[in-house]
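A.B. asks: Residue numbers (the numbering used here), protein chains in the order written: chain A, 9 to 361; chain B, 9 to 361; chain C, 9 to 361; chain D, 9 to 361.
Number of protein chains: 4
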Amino acid sequence: MVRIGILGASGYIGGELLRLLLQHPEVEVTAASSRRYAGEYVFRVHPNLRGMTELQFSPNDASKVIAGSDLVFAALPHGESVKIVPQIADAGLRVVDLSADFRLSDRGQYPNWYGYDHPRADLLEKFVYSIPEINREKVKGATLVSSPGCMAITAILALAPLLKEKSLGIDRDHIIVDAKVGSSGAGGKPSLATHFSERFNVVRPYKPAGHRHSAEVEQVLEAMAGEKVKVSMSAHAVNMVRGILVTSHVFTAGAVKPIDVWKAYRSMYTGSYFVRLVRDKNGPFRLPDPKLVIGSNFCDVGFEIEERTGRLVALSATDNLVKGAAGNAIQSMNLMLGFDEKTGLAMAPLHPV
Amino acid sequence: MVRIGILGASGYIGGELLRLLLQHPEVEVTAASSRRYAGEYVFRVHPNLRGMTELQFSPNDASKVIAGSDLVFAALPHGESVKIVPQIADAGLRVVDLSADFRLSDRGQYPNWYGYDHPRADLLEKFVYSIPEINREKVKGATLVSSPGCMAITAILALAPLLKEKSLGIDRDHIIVDAKVGSSGAGGKPSLATHFSERFNVVRPYKPAGHRHSAEVEQVLEAMAGEKVKVSMSAHAVNMVRGILVTSHVFTAGAVKPIDVWKAYRSMYTGSYFVRLVRDKNGPFRLPDPKLVIGSNFCDVGFEIEERTGRLVALSATDNLVKGAAGNAIQSMNLMLGFDEKTGLAMAPLHPV
Amino acid sequence: MVRIGILGASGYIGGELLRLLLQHPEVEVTAASSRRYAGEYVFRVHPNLRGMTELQFSPNDASKVIAGSDLVFAALPHGESVKIVPQIADAGLRVVDLSADFRLSDRGQYPNWYGYDHPRADLLEKFVYSIPEINREKVKGATLVSSPGCMAITAILALAPLLKEKSLGIDRDHIIVDAKVGSSGAGGKPSLATHFSERFNVVRPYKPAGHRHSAEVEQVLEAMAGEKVKVSMSAHAVNMVRGILVTSHVFTAGAVKPIDVWKAYRSMYTGSYFVRLVRDKNGPFRLPDPKLVIGSNFCDVGFEIEERTGRLVALSATDNLVKGAAGNAIQSMNLMLGFDEKTGLAMAPLHPV
Amino acid sequence: MVRIGILGASGYIGGELLRLLLQHPEVEVTAASSRRYAGEYVFRVHPNLRGMTELQFSPNDASKVIAGSDLVFAALPHGESVKIVPQIADAGLRVVDLSADFRLSDRGQYPNWYGYDHPRADLLEKFVYSIPEINREKVKGATLVSSPGCMAITAILALAPLLKEKSLGIDRDHIIVDAKVGSSGAGGKPSLATHFSERFNVVRPYKPAGHRHSAEVEQVLEAMAGEKVKVSMSAHAVNMVRGILVTSHVFTAGAVKPIDVWKAYRSMYTGSYFVRLVRDKNGPFRLPDPKLVIGSNFCDVGFEIEERTGRLVALSATDNLVKGAAGNAIQSMNLMLGFDEKTGLAMAPLHPV
């Protein structure tokens with residue numbers, strides 16, 4: 009059994025890592041750290057796990073985690089991860105980091121988007137930004153992996169094949185990413201904005217411009233296109249806990265047919281179990297909807313074409329805590345450790361829920 | 009008291025007309041028709057009105073409605089209204105039509121968007137497409153009025169001032185209207201798509217391209233711009249009953265400052281009680297959100313600028329059954345009849361709800 | 009215009025008093041106090057009121073409120089009201105208190121239920137516990153009024169007529185009050201328990217035994233029955249913001265017929281506009297449901313009889329912020345000031361919402 | 009691999025059986041029948057299963073199912089199951105029936121509760137009503153098993169130990185079962201009552217008296233108590249899709265201490281993985297709440313004592329589609345086939361969701 013440590017295990021992403029890893033057949037969770045809840049039983053904070061584990065939170069102490077683990081997941085806030093993960097990486101352990109601290113390969117981007125100078129440009133080069141459906145082989149060989157933001161991965165899985173396929177003629181200056189997200193993406197800290205009476209029933213445009221995930225989306229799309237790309241992202245909070253729908257509006261140089269778009273998606277995703285192409289003729293399930301992936305590691309991708317305006321609307325849906333976070337991280341771990349990438353992740357979504 | 013007839017009074021828009029008109033101080037509802045529920049008490053279908061009216065539904069019989077009314081609201085489905093409203097108009101009664109059948113002034117558009125040849129081009133010329141905040145004077149003089157679709161009016165109130173203000177340099181080819189709507193806009197007819205277990209928790213892209221409301225939005229925006237405009241609309245069903253948020257993504261020729269956008273909005277909306285400009289510095293209420301207009305005739309409008317990508321994000325929120333339908337229709341009626349436009353409509357939104 | 013002061017105007021009940029009183033034709037709000045938000049615009053805290061008032065919160069300063077008001081609503085927390093209200097009462101102003109501090113006439117109950125010794129037993133005698141449908145005449149003559157708790161008034165309106173009608177033979181030892189309440193009843197203060205991700209989708213038994221509202225319900229029911237009554241109350245938080253359903257399970261000595269129960273209800277509520285008796289033969293609206301009273305001052309009451317077990321199930325539904333709090337308080341004010349009790353309160357519920 | 013046939017596989021319980029059995033390591037689903045969807049791909053009806061199975065629905069044809077299966081789950085409506093299951097039982101196959109048609113051992117109860125004369129009293133004797141936590145040994149030896157109704161099993165798991173433990177002195181004439189249930193328990197058929205706009209935000213008392221599940225609850229509790237028991241059940245629809253909370257109000261002869269209740273529960277449930285006793289000192293997770301079992305086979309059980317009124321409030325929560333239906337049925341199958349009862353069922357609940 010591979011020994012797993014989790015840093016920042018009391019947040020929602022930490023809880024999801026625990027839920028999935030406690031049932032993973034090839035690993036054993038040896039440490040789950042939390043600054044705030046050190047000493048507390050895990051199931052008091054993650055009540056779903058009551059009766060399933062007697063684990064207690066340990067402090068966020070790198071040296072202890074290093075001693076007891078073979079691979080470490082870091083689910084710490086941005087700016088915190090960069091303070092502790094280098095020590096673990098330097099000790100030679102495998103790391104899967106779920107913060108933004110190792111996602112951008114260009115050190116110069118950190119002051120702009122995250123407000124700090126990155127202290128370890130050398131590590132930025134070594135971390136692989138992991139979306140197995142896009143760069144599976146690189147992940148297999150990696151010891152240090154950075155897992156994307158939930159909106160970013162959802163947008164990228166819909167857009168990367170379109171940007172890669174030059175014949176579609178995607179206008180790289182007018183790429184709109186309009187995201188609708190559940191509350192769990194915002195974490196577990198109470199505030200007026202998350203107070204139930206204020207948060208219920210909203211469609212709240214909480215970040216209509218300047219969203220940080222734009223940076224990682226552009227980084228990947230530029231790699232696909234081989235050219236500069238501008239991504240215009242807007243994020244809205246909607247009335248649910250789990251799930252993201254990303255509606256990507258792009259424009260094509262000329263007329264585009266469904267078969268052309270299909271080809272772009274299939275050429276990238278054939279053999280990728282966790283991306284489902286969804287485009288039925290009719291019915292309420294004919295296009296991606298986060299409701300239909302809840303609890304699973306699937307990303308559903310679909311599209312529609314509007315000839316009249318030259319627009320291609322790409323749609324993608326994930327459970328933000330699974331494929332949008334913990335699931336993609338564990339899928340990456342599976343590849344790093346030589347397991348089948350589906351190990352411990354092949355559960356079906358719940359429906360209805 | 010002005011005598012009011014309502015055709016199609018058993019639907020959700022009909023119910024909202026009843027809720028508002030039964031409490032309007034200057035009018036009296038003399039007929040509420042319904043093909044399906046003729047003879048039934050109104051409060052059996054609109055249970056909120058129990059104890060407030062002993063009215064019964066009458067059949068959809070134009071001649072009877074004509075005999076007993078001074079002004080008629082038609083809340084019939086598209087394609088049905090056009091069969092009965094001409095008779096009422098020809099009889100010289102005032103009409104406020106809430107269907108799409110008299111919204112487009114260009115007869116040639118009906119086959120494209122609604123699949124039928126319009127039989128009365130003469131009436132299309134006479135009907136005023138009414139958004140009082142935009143064409144109040146024309147509505148005052150009208151006897152025949154067409155009230156906009158809920159997504160259309162919400163989008164138009166955010167976009168019209170921007171297109172009118174030429175100095176903003178809005179790119180007329182890349183106007184994205186991404187709408188998030190509650191279930192009540194889809195009406196009261198049960199189906200698998202509206203079955204609670206299937207509809208709860210969705211972010212369902214039910215019309216990502218080709219939405220019919222595009223036509224009316226383009227019609228108004230072209231009048232504002234004095235030039236051709238292309239509107240790319242996508243509609244999503246979200247997990248709530250009432251409310252619409254429209255996120256409009258547009259691009260500007262050069263750099264634009266907040267003060268410039270403010271000016272455009274103020275020059276159009278100063279003096280218009282029902283449009284509220286919402287752009288606070290912080291807090292969960294700093295931008296429009298349908299939660300904050302529920303039960304009222306307000307349309308909240310706000311915006312953000314993304315310099316990096318040259319994007320202006322305009323946000324607008326309405327209660328789709330009030331300012332998005334019955335409220336705007338009654339506001340139009342108030343103007344047609346010479347009342348203050350706020351009469352019977354100045355109720356505050358509910359909060360929290 | 010009667011001048012109205014509101015103490016504790018920044019909470020949800022304070023907001024609802026403002027929403028209703030700003031539109032009340034006979035009064036004028038001259039002060040809205042808040043310890044926390046003194047100096048802030050009211051519409052920053054109650055965003056629904058944006059554009060409807062330029063009022064700012066004042067400090068909770070009794071002497072200033074006394075100087076500028078004819079009648080004061082106190083919407084302060086339990087234990088706070090008792091510190092400031094006596095001063096206002098002693099100054100001879102009319103008071104409507106919405107806390108529990110003046111609800112129980114027996115001073116001896118305060119240590120048990122609220123954990124403090126009541127300092128002003130003399131005032132407890134003078135305050136009228138006001139449910140106009142039950143003691144309208146007493147309220148008319150009162151200058152000091154205490155308005156019930158939201159669960160209490162909802163339960164009482166279903167149970168009082170049953171206890172009063174001796175021929176029904178209600179078993180006074182087995183009265184179960186099972187309440188299901190929206191989040192707004194718990195106020196506006198964020199916590200882990202009210203954090204959206206934790207509060208959404210719950211049916212949380214937050215007070216299954218020992219609920220404080222038991223005391224006021226027993227007080228009223230004992231007055232009705234003329235004998236000791238034991239009320240067993242349980243409160244559950246459900247997935248909505250507004251509304252309460254109370255399911256009261258009682259047992260009858262012998263067989264009871266619907267007509268007998270009807271009579272009990274009608275003999276108490278005939279002429280009371282705000283109580284609607286709801287018991288249709290079929291359809292989804294056949295029994296009380298808080299969804300159908302949202303935004304209104306109605307309390308819907310209905311029942312079913314289970315012969316096999318000798319049980320009578322009484323059902324009652326209110327909007328907890330209106331008839332459950334601010335609406336009932338304003339209805340009481342109307343009576344105290346000699347207005348029609350419906351003044352400013354006759355708005356229809358929203359449907360659907 | 010044991011070959012499994014599912015009759016009535018297109019409903020929500022059928023879908024949940026498929027979700028769980030497709031991932032069960034010891035069985036293989038060989039047939040999934042549906043009268044309505046015969047010939048259709050399973051994933052068109054259960055969109056969560058897209059990409060996970062190429063199975064198509066077959067007709068509800070008993071002889072074919074018999075030929076290809078070793079064990080059959082029948083998830084048919086009441087009254088339908090009794091027409092087809094006897095044929096399968098007579099053919100010697102193992103059966104797990106999820107309808108009410110074989111739940112009551114007393115043939116005389118069927119006309120009262122289900123409106124038909126039961127044609128096969130001989131089978132009623134052979135079917136074991138299966139709640140493994142209560143009668144595990146009987147289930148192990150059974151070939152014909154009947155799985156309880158979702159409200160019934162949830163109520164029984166909270167009440168059975170209390171009725172069995174005579175020293176608690178439970179009053180058998182005043183047992184109130186107040187259930188709050190999600191929409192999925194009502195199945196997948198659209199109607200006005202389940203139309204999203206009408207069903208959202210409700211607390212609807214849809215069956216306040218005379219609920220059919222009373223019969224099975226009484227049957228089990230009488231077996232526990234060895235005496236007559238009267239159960240007074242009320243069912244409410246609340247604003248969620250999955251989950252049931254049952255609040256059981258019972259009265260005790262004398263004073264009861266928490267330790268006594270603990271003992272009753274522990275003596276029945278020690279060793280039963282799927283019942284979790286939940287009674288923390290504080291926090292939002294201190295008592296059972298369906299939110300905390302969603303997606304799992306757990307039933308959480310807790311309680312509070314109200315000395316003042318002599319009341320004991322027992323609380324129990326399940327996912328109605330899992331422990332309330334498909335999960336309990338598969339747990340029963342595991343026992344019948346000699347597998348560990350947890351096989352394929354040990355997944356953690358989702359949290360938050």
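Glycine residues also receive a C-beta, built at the ideal position from the N, C-alpha and C atoms.
#1: Within 10 angstroms of its Cβ, does G234 (chain A) collect 16 or more other Cβ (buried), or is it exposed?
#2: Can you tell me which of the three DSSP states M241 (chain C) falls into?
#3: Could you check the C-alpha separation between Q339 (chain D) and V237 (chain C) for me, to the nearest Å?
#4: For L320 (chain D), which beta-bridge partners are listed by DSSP?
#5: Name the DSSP bridge partner or partners of V37 (chain D)?
#6: Any beta carbon of chain A sitting closer than 9 angstroms to that of K197 (chain C)?
#7: Report, in whole angstroms, the separation of the C-beta atoms of V53 (chain A) and S18 (chain A), which I expect to be a contact under 8 angstroms.
#8: Threshold first: 4 residues or longer. Then list the alpha helix (DSSP H) segments lying entirely within the region 273 to 354 of chain D, N to C.
#9: On the three-pair Cβ rule with 8 angstroms, is the region 114 to 122 of chain B touching the region 216 to 233 of chain B?
#10: Should K174 (chain D) be labelled buried (16 or more other beta-carbon atoms within 10 Å of its own) or exposed?
#11: With DSSP as the reference, label A194 (chain D) as helix, strand or coil.
#12: Taking its Cβ as the centre, do 16 or more other Cβ atoms sit within 10 Å of D186 (chain D), making it buried, or is it exposed?
#13: Between the beta-carbon of L84 (chain A) and the beta-carbon of S155 (chain A), is there less than 9 angstroms?
#14: Can you give me the C-alpha to C-alpha distance between G332 (chain D) and K350 (chain A), rounded to a whole angstrom?
#15: Indicate whether the contact test is met: 3 or more Cβ pairs, each with one atom in the region 208 to 224 of chain A and one in the region 304 to 324 of chain B, closer than 8 angstroms.
#16: What is the DSSP secondary structure of F65 (chain B), counted as helix, strand or coil?
#17: Starting from A217 (chain D), find everything on chain C with Cβ-Cβ shorter than 7 angstroms and list it in chain order.
#18: Listing by chain order, which chain D residues have their CB less than 7 angstroms from the CB of P298 (chain C)?
#19: Are the C-beta atoms of V249 (chain B) and some chain D residue less than 9 angstroms apart?
#20: Considering S89 (chain B), what are the terminal residues of the alpha helix (DSSP H) in which it resides?
#21: Among residues of its own chain, excluding the 5 on either side of E315 (chain D), which ones have a beta-carbon nearer than 8 angstroms to its beta-carbon?
#22: Pull up the distance between the alpha-carbon of V189 (chain D) and that of A201 (chain A), whole angstroms please.
#23: Would you kindly work out how many angstroms separate the C-alpha atoms of E145 (chain B) and L253 (chain A), rounded to a whole number?
#24: Would you check if the distance between the CB atom of A356 (chain A) and the CB atom of M60 (chain D) is smaller than 9 angstroms?
#25: Pull up the CB-CB distance for I164 (chain D) and I139 (chain D), whole angstroms please, since I reckon it's below 8 angstroms.
#26: Buried or exposed for M9 (chain D), please, with buried defined as at least 16 other CB atoms from any protein chain shown within 10 angstroms of its CB.
#27: So the candidates are D:R284, D:S304, D:I302; which of them puts its Cα closest to the Cα of L295 (chain D)?
#28: Out of curiosity, what's the CA-to-CA distance linking G251 (chain D) and C158 (chain D)?
#29: Taking DSSP as the reference, what is the three-state secondary structure of D78 (chain A)?
#30: Tell me the DSSP bridge mates of L229 (chain A)?
#31: Quick one: is G346 (chain A) buried, meaning 16 or more other Cβ sit within 10 Å of its Cβ, or exposed?
#32: Does the beta carbon of S18 (chain D) sit closer than 9 angstroms to a beta carbon anywhere in chain G?
#33: Does the separation of the CB atoms of V286 (chain A) and R27 (chain D) fall below 9 angstroms?
#34: Starting from Y118 (chain C), follow the alpha helix (DSSP H) in both directions and report where the run begins and ends.
#35: H203 (chain A) and F204 (chain C): beta carbons closer than 9 angstroms?
#36: Strictly under 9 angstroms for the Cβ-Cβ distance: is V207 (chain C) near chain A by that measure?
C.D. replies: This is what the structure gives:
#1: Residue 234 (chain A) sits at position 226 when you count from the first residue of the first sequence. Residue environment analysis places G234 (chain A) among the exposed positions, since fewer than 16 neighbouring C-beta atoms fall within 10 angstroms of its C-beta.
#2: Reading the third sequence from its first residue, position 233 is the one you call residue 241 (chain C). In the structure shown, M241 (chain C) sits in a strand (DSSP, three-state: E or B).
#3: For the purposes of this step, residue 339 (chain D) is taken as residue 331 along the fourth sequence, with counting starting at 1. For the purposes of this step, residue 237 (chain C) is taken as residue 229 along the third sequence, with counting starting at 1. Approximately 46 angstroms between the Cα atoms of the pair.
#4: Residue 320 (chain D) sits at position 312 when you count from the first residue of the fourth sequence. Its beta-bridge partners are D:V258, D:I313.
#5: Start at 1 with the first residue of the fourth sequence, and residue 37 (chain D) comes out as number 29. Under DSSP, V37 (chain D) forms a beta bridge with D:I12.
#6: Along the third sequence, one-based indexing puts residue 197 (chain C) at 189. Yes, K197 (chain C) lies at the interface with chain A (some Cβ there is under 9 angstroms from its Cβ).
#7: One-based indexing of the first sequence puts residue 53 (chain A) at position 45. One-based indexing of the first sequence puts residue 18 (chain A) at position 10. About 5 angstroms separates the two Cβ atoms, so the contact holds.
#8: The qualifying runs are 335 to 344.
#9: Yes, the region 114 to 122 of chain B is in contact with the region 216 to 233 of chain B.
#10: Position 166 of the fourth sequence, counting from 1, holds the residue named residue 174 (chain D). Counting the other Cβ atoms within 10 Å of the Cβ of K174 (chain D) gives fewer than 16, which makes it exposed.
#11: Within the fourth sequence, the letter at position 186 stands for residue 194 (chain D). Taken through DSSP and simplified to helix, strand or coil, A194 (chain D) comes out as helix.
#12: Taking the first residue of the fourth sequence as position 1, residue 186 (chain D) is located at position 178. With 16 or more other Cβ atoms within 10 Å, it is buried.
#13: In the first sequence, counting from the first residue as 1, residue 84 (chain A) sits at position 76. In the first sequence, counting from the first residue as 1, residue 155 (chain A) sits at position 147. Annotated as distal: L84 (chain A) and S155 (chain A), with beta-carbon spacing of 9 angstroms or more.
#14: Start at 1 with the first residue of the fourth sequence, and residue 332 (chain D) comes out as number 324. Start at 1 with the first residue of the first sequence, and residue 350 (chain A) comes out as number 342. Distance between the alpha carbons of G332 (chain D) and K350 (chain A) is about 29 angstroms.
#15: Three or more Cβ pairs drawn from the region 208 to 224 of chain A and the region 304 to 324 of chain B lie within less than 8 angstroms of each other, which places the two stretches in contact.
#16: Locating residue 65 (chain B) in the second sequence gives position 57, where the first residue counts as 1. In the structure shown, F65 (chain B) sits in coil (DSSP, three-state: anything other than H, G, I, E or B).
#17: Residue 217 (chain D) sits at position 209 when you count from the first residue of the fourth sequence. Residues of chain C passing the Cβ test: E312, I313, E314, R319, V321.
#18: Residue 298 (chain C) sits at position 290 when you count from the first residue of the third sequence. Here the neighbours are V211.
#19: Taking the first residue of the second sequence as 1, we reach residue 249 (chain B) at position 241. For V249 (chain B), the answer is yes, since a Cβ of chain D falls inside 9 angstroms of its Cβ.
#20: Along the second sequence, one-based indexing puts residue 89 (chain B) at 81. Going by DSSP, S89 (chain B) is part of the alpha helix (DSSP H) stretching over 89 to 98.
#21: On the fourth sequence, residue 315 (chain D) is found 307 positions in, with the first residue counted as 1. If we look at E315 (chain D) and ignore the five residues flanking it on each side, its Cβ neighbours are A263.
#22: For the purposes of this step, residue 189 (chain D) is taken as the residue at position 181 of the fourth sequence. For the purposes of this step, residue 201 (chain A) is taken as the residue at position 193 of the first sequence. Spanning the two alpha carbons is a distance of roughly 29 angstroms.
#23: Counting from 1 along the second sequence, the entry for residue 145 (chain B) is found at position 137. Counting from 1 along the first sequence, the entry for residue 253 (chain A) is found at position 245. Approximately 42 angstroms, taken between the alpha carbons.
#24: Working through the first sequence from its first residue, we reach residue 356 (chain A) at position 348. Working through the fourth sequence from its first residue, we reach residue 60 (chain D) at position 52. Their beta carbons are under 9 angstroms apart, which means A356 (chain A) touches M60 (chain D) by this criterion.
#25: For this step, residue 164 (chain D) is matched to residue 156 along the fourth sequence. For this step, residue 139 (chain D) is matched to residue 131 along the fourth sequence. Right, their Cβ atoms sit about 6 angstroms apart.
#26: Taking the first residue of the fourth sequence as position 1, residue 9 (chain D) is located at position 1. The C-beta of M9 (chain D) has fewer than 16 other C-beta atoms within 10 Å across all chains shown, which makes the residue exposed.
#27: Against the fourth sequence, residue 295 (chain D) aligns to sequence position 287. Distances from the alpha-carbon of L295 (chain D) to those of D:R284, D:S304, D:I302 put D:R284 closest.
#28: Looking up residue 251 (chain D) in the fourth sequence gives position 243. Looking up residue 158 (chain D) in the fourth sequence gives position 150. Each residue's Cα considered, the two are about 9 angstroms apart.
#29: Mapped onto the first sequence, residue 78 (chain A) falls at position 70. In the three-state scheme derived from DSSP, where H, G and I count as helix and E and B as strand, D78 (chain A) is classed as coil.
#30: Mapped onto the first sequence, residue 229 (chain A) falls at position 221. Residue pairing from DSSP leaves L229 (chain A) without any beta-bridge partner.
#31: By one-based count along the first sequence, residue 346 (chain A) stands at place 338. Answer is exposed; the Cβ neighbour count stays below 16.
#32: Looking for chain G here will not work: the only protein chains present are A, B, C and D.
#33: Indexing the first sequence from 1 puts residue 286 (chain A) at position 278. Indexing the fourth sequence from 1 puts residue 27 (chain D) at position 19. No, they are not a contact pair.
#34: Counted from its first residue, the third sequence places residue 118 (chain C) at position 110. 117 to 122 is the extent of the alpha helix (DSSP H) around Y118 (chain C).
#35: Along the first sequence, one-based indexing puts residue 203 (chain A) at 195. Along the third sequence, one-based indexing puts residue 204 (chain C) at 196. Cβ distance < 9 angstroms, so H203 (chain A) and F204 (chain C) count as in contact.
#36: On the third sequence, residue 207 (chain C) is found 199 positions in, with the first residue counted as 1. Per the sequence presented here, residue 207 (chain C) reads as Arg, with Val not at that position. At a cut-off of 9 angstroms, the C-beta of R207 (chain C) has a neighbouring C-beta in chain A.
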